[in-house]
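The structure under discussion appears below in the form of C-alpha cells.
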Amino acid sequence: MAKWLVKSEPDECGIDDFAADPQSVIPWDGVRNYQARNFLRQMAEGDEVFLYHSSCRHIGVAGIVTVVGAPYPDTAQFDPHSPYFDPKSSPEDPRWTAVDMRYVGTLPSLVSLATLKSAPELADLPLVNKGSRLSVMPVREPEWQAILRLAE
DNA sequence: GCCAACGTTGGC
DNA sequence: GCCAACGTTGGC
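Taking UniProt numbering, the leading residue of the first sequence gets 1, the next gets one more, and so forth.
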C-alpha cells in the first residue's frame, strides 16, 4: 500500500472540508501537470495520503486522507465551463486523471513547512526542495513515519 | 503584493 | 531541437 502527499489550498479543499463529513468522498481533480498526473495514476484503493496546506496562513501537513476506488479520467477536462477544461483532451483519449479521497484523520498538530525543512529524513521529499511545484508526490515509509512523529 | 522558480508553448 | 516568452505556483 503506497503512501503519498498532495498539496491543496485549504480555501479550496483542506482537511477541515474532509473532516466536516468523514464519510464523504471528495474527487481530487484539476491536476494539470504531467508528473503529478502520473503519480495520481499509480494510486490505488486504500493508499494513504498526507494533505498539505499551501498558499495560506498555516502552511504545512495538516492531515491524512485515503484513496477510494481506482483513478479515473477527470471529467472537468471535458467541460467547457470548467476552469480545468482542456480543449486538447477528448473522452476517447483522456489526458488528465482524478481520484476519490476520503477523510482519515487530522494530525495532532500541523507540521509546518519550516519543521519539514529542518528534518533530515525529509531532505529528498520534493516538497521541501526550493522551487518545487510538484503537487502530487510519493512518500517513502521512513518519511511518512518522520512526519507522523513531528506531528505529535 | 512581490518575485523567484518552474513548466509549457510556440516560433524558428 | 532549441530557447525566449509567457503564465502559474507558492513562499514570504
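Ideal Cβ positions, reconstructed from N, Cα and C, are used throughout, including at glycine.
Quick caveat, the model's predicted, so the values are computed rather than measured.
If we count the other Cβ atoms within 10 Å of its Cβ and call it buried at 16 or more, is residue i buried or exposed?
i    : result
P142 : exposed
G46  : exposed
A20  : exposed
K130 : exposed
A36  : buried
P80  : exposed
H53  : buried
From the DSSP output, in three-state form, read off residue i for me.
i    : result
W28  : strand
S109 : strand
E48  : strand
I15  : helix
S54  : coil
V128 : helix
S90  : strand
Round the Cβ separation of residue i and residue j to the nearest angstrom and send it over; I've been treating them as touching at under 8 Å.
i    : j   : result
M101 : W28 : 5 Å
Given 7 Å as the limit, tell me if residue i has its C-beta closer than that to any heavy atom belonging to the ligand MN.
i    : result
N129 : The ligand MN is absent from the structure shown, which contains no ligands of any kind.
Exercise. Is there contact here, the segment 63-79 with the segment 8-26, by at least three beta-carbon pairs under 8 Å?
Worked result: With a cut-off of 8 Å, the segment 8-26 and the segment 63-79 count as touching, because enough Cβ pairs lie within range.
Exercise. If we count Cβ pairs, one from each stretch, closer than 8 Å, do we get three or more for the segment 81-94 versus the segment 108-121?
Worked result: These segments do not touch.
Exercise. Would the segment 95-110 and the segment 66-82 be scored as touching if the rule is three or more Cβ pairs under 8 Å?
Worked result: Cβ pair count under 8 Å is three or more, so yes.
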